[in-house]
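Visitor: The listed protein sequences correspond, in order, to chains A and B. Numbering-wise (our numbering), the first sequence opens with residue 1 and increments by one. Numbering-wise (our numbering), the second sequence opens with residue 1001 and increments by one.
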Amino acid sequence: MEPFYFGESGKQLFGCYHGPEAEPSRGCGVVLCYPMGHEYMQFHRAYRQLAFHLSRVGFPVLRFDFRGCGDSAGNSEEAKIHHWLADISGAVSEMKRRSHVAKVCLVGLRLGGTLSMMVGSERTDIGGMVLWDPVLRGTAYVERLRTLHQKMLRFAHVKEKGDTKGDKPCEILGFPYTESLLLDIENLDLLSIEAKPADNLLVIQSDEDTDQRQLKKSLEGMRARVDFLHCPTPQIWTWIEDFGKVVVPYQVLQSVVSWMCEAYP
Amino acid sequence: MKEEALLFGKTRSLVGIMTYPSERSGMKNLPAVVILNAGIMHRVGPNRLHVRMARTLAAMGLPVLRFDFSGVGDSRVRKDALPFEKSSLDETQEAMDCIHEAMGTEKFVLMGMCSGATISFKMACCDPRVKGAVLINARMHLHPMNDELHADLRNRALARHYWRIALFSSFRAKNWSKAITGKVEFWKIISKMVTGFQIRNLFGRQRKLSSEVDHVSESLHALSERGVRLLHIYSEGDEGLDYLHVILGDELKEWRSGGELSMEVIQGANHTFTLLWSQECLLETISNWAQVYGV
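1. Would you give the residue range spanned by the beta strand (DSSP E) that B:His1232 belongs to?
2. Leaving aside the five residues before and after A:Val61 along the sequence, list all residues of the same chain whose C-beta is less than 6 Å from its C-beta, in chain order.
3. Name, in chain order, the residues that DSSP records as bridge partners for A:Asn200.
4. Can you look up B:Arg1052 in the DSSP assignment and give me helix, strand or coil?
5. Could you check if A:Thr124 is buried or exposed, using at least 16 other CB atoms within 10 Å of its CB as the buried criterion?
6. Counting only beta-carbon separations shorter than 7 Å, does A:Asp184 have a partner in chain B?
7. Taking buried to mean at least 16 other C-beta atoms within 10 Å of its own C-beta, is B:Leu1276 buried or exposed?
8. Would a C-beta distance cut-off of 7 Å place A:Gly70 and A:Gly7 closer than the cut-off?
9. Pairing CB atoms from the region 1059-1077 of chain B with CB atoms from the region 236-250 of chain A, are three or more of them under 8 Å?
10. Indicate the three-state DSSP secondary structure (helix, strand or coil) for B:Glu1251 in the structure shown.
11. So what does DSSP say about A:Gln254, is it helix, strand or coil?
12. Should B:Thr1029 go down as buried or exposed, given a rule of 16 or more other Cβ atoms within 10 Å for buried?
13. How about B:Trp1277: is its C-beta nearer than 7 Å to some C-beta of chain A?
14. Distance check for B:Gly1268 and A:Glu186, CA to CA, integer angstroms please.
15. Which parts of the region 46-128 of chain A are runs of the beta strand (DSSP E), unbroken and 3 residues or longer, counting only runs that do not cross its ends?
16. Assuming B:Gly1240 and B:Asn1146 form a contact by the criterion Cβ under 8 Å, report the distance between their Cβ atoms to the nearest whole angstrom.
17. For the region 134-160 of chain A, which residues have a CB atom closer than 8 Å to at least one CB atom of chain B, in sequence order?
18. Answer with buried or exposed for A:Asp189, where buried requires no fewer than 16 other C-beta atoms within 10 angstroms of its C-beta.
19. Quick one: residues in its chain with C-beta nearer than 7 Å to the C-beta of A:Gln49, no 5 flanking neighbours on either side, listed in chain order?
20. Going by beta carbon distance, what residues of the same chain come within less than 7 Å of B:Gly1009, once the five residues before and after it are set aside?
21. Which whole-angstrom value describes the C-beta separation of B:Met1111 and B:Arg1055, a residue pair presumed to lie in contact below a C-beta threshold of 8 Å?
22. State the DSSP-derived secondary structure class of A:Lys11, mapped to helix, strand or coil.
23. Please list, in chain order, all residues of the same chain as B:Gly1204 whose beta carbon is under 6 Å from its beta carbon, the five residues on each side excluded.
24. Counting only runs of 4+ residues fully inside the region 1089-1146 of chain B, write out the alpha helix (DSSP H) ranges in chain order.
25. Given a threshold of 16 other Cβ atoms within 10 Å of its Cβ, counted over all protein chains shown, does B:Lys1253 qualify as buried or as exposed?
26. Can you check whether the C-beta of A:Gly70 is within less than 7 Å of a C-beta belonging to chain B?
27. Compare the Cα-Cα distances from B:Ile1017 to each of B:Ala1157, B:Asn1037, B:Arg1160 and B:Met1263 and report the closest residue.
28. Taking just the CA atoms, how far does A:Leu136 sit from A:Gly113?
29. Can the beta-carbon of A:Met117 be found less than 7 Å from the beta-carbon of A:Pro197?
30. Residues of chain B with CB closer than 9 Å to the CB of A:Gly174, please, in chain order.
31. Please report the straight-line C-alpha distance between A:Tyr141 and A:Gly108, rounded to a whole angstrom.
32. Any beta carbon from chain A within less than 7 Å of B:Gly1116's own beta carbon?
33. Starting from B:Arg1172, follow the alpha helix (DSSP H) in both directions and report where the run begins and ends.
34. Exposed or buried, A:Glu2, counting other C-beta atoms within 10 Å across all chains shown (16 or more means buried)?
35. How many whole angstroms separate the CB atoms of B:Phe1108 and B:Pro1031, which I take to be in contact at a CB cut-off of 8 Å?
36. Going straight from the alpha carbon of B:His1150 to that of B:Phe1121, what length do you get?
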């Protein structure tokens, strides 16, 4: 595995490239798109595991942090949806440059899944896509984050202080969200996308609160081949202060690897 | 400010991010800062705090390396069977070696939260290159890992913690409300409070535990003689705060007045500094300390 920075100076993104360990390498590179905020923190370990397993079966894999997230350049307050969409395109180009593959598969989790589908519908080189509990409607997602934050305020040893209004960004579970970012997220509607994001898709539903079958139906309407995995994994999306209790959903990871192997034999 | 991804260590399997200050002149004479993992959380730190710490300190002119121990975050699992207590110390030294080779730096400040604080303290005790340590929500770092003593101290600290939270902390109203509404395991906590606690310890003067932990003073004296500066930072809601009181007793005041050991408590903050104001407060506390002590 090689950790590195890529992209324009000042806007550099952190990436980890996992070269294919099995020969011959499969003709498709995999770019993993993380979720945001507390979900990024809680799923870093799961994504590292996923990258490891995919590289073991012959896929070149690139994990990267979005701008203003993780190790990448920028502050969380500067985060913008259009930057993140550009970041996915940058990561796809970087993957092609490193592994010389013509096609790329995106694996996106939560908001990372939503952004992946938006990018896929604008490009022609995304061969496959795994959408793992993607955010279907931004309003419901923001509402849920706010509810989780309020729950955290009630139970954790924290005390709110000072003026949270004015120029200060809104905060949700340890991360700042500016008004404009929240508005951009609230305006997201995955079901309104009309262009096919990829030929082969796997939609995973582990969160019982959202019905991802709506997305499956919508994608099938675009003449895409869609597989659906229902794998209820309660609690993985809630905020957990004790990271020792964060679960790595191995069943889902194994399903993604199996699906990828079947799609790219 | 420039950030660089590194693979380092004997097997080049440790992943770290080096943050360089924009002005590199005179950097050789300044200490470099090494930020260690908070438990199993990767090098970004809780709520991305380690990234912000690194950038804040680099803006003050200090080079900062934050990295993952083997098996944590992006660093590969070790192939030998070295226990974590030993490998974490070896790998912290490898991090210092890496900076020394790249920049000639000979002085280091270690920084860590929770288990990262424990490792920082232990490393400070055994490597003379360490000139300072920032220990955030540290616990179980001042005494040897004797299982019996460990359990006893933990019980006492937990009992004291629950009493303090129930009676004195700014969280007391919230906690009583949770207890009354049955949202916490009330009886489990009560049993801890009763079994592990002597009431005079809560209201009276603190007394150091026993001769078994006398070496705590020796370690602190040895660090003091070497001129090592320690900053303990605790969140109000953290049980490590009680641990420090339990184990140092009245000596805590003496150590603080001597200046070698500073301690700051961030009221209203939780273990991982979830709220933004508490993150700002933590960053300010660290940069003020770095400025005052000229690190």
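Note that CB positions come from ideal geometry on N, CA and C, so glycine has one too. Here the structure is a predicted model, which is why all the values come from computation and not from measurement.
Guide: On the basis of the data shown:
1. Arg1229 to Ser1235
2. His18, Val30, Ala51, Leu54 and Ser55
3. A:Gly128 and A:Arg225
4. helix
5. exposed
6. no
7. buried
8. no
9. no
10. helix
11. helix
12. The sequence given here places Asn at residue 1029 of chain B; Thr does not occur at that position. That one is exposed.
13. yes
14. 31 Å
15. 61-64 and 103-109
16. Rounded, the Cβ-Cβ distance is 19 Å, inconsistent with contact.
17. Met152, Arg154, Phe155, Ala156, His157, Val158, Lys159 and Glu160
18. exposed
19. Val248 and Leu253
20. Glu1091 and Glu1094
21. In fact, because the Cβ distance is near 13 Å, the residues do not count as touching under 8 Å.
22. coil
23. Legend: pLDDT at B:Gly1204 = 43, less than 50; position of this residue unreliable, no value from coordinates given.
24. 1115-1126
25. exposed
26. yes
27. B:Asn1037
28. 9 Å
29. yes
30. Pro1046, Asn1047, Arg1048, Leu1049, Thr1272, Phe1273, Thr1274, Leu1275, Leu1276 and Gln1279
31. 16 Å
32. no
33. Arg1172 to Ile1180
34. exposed
35. 6 Å
36. 17 Å
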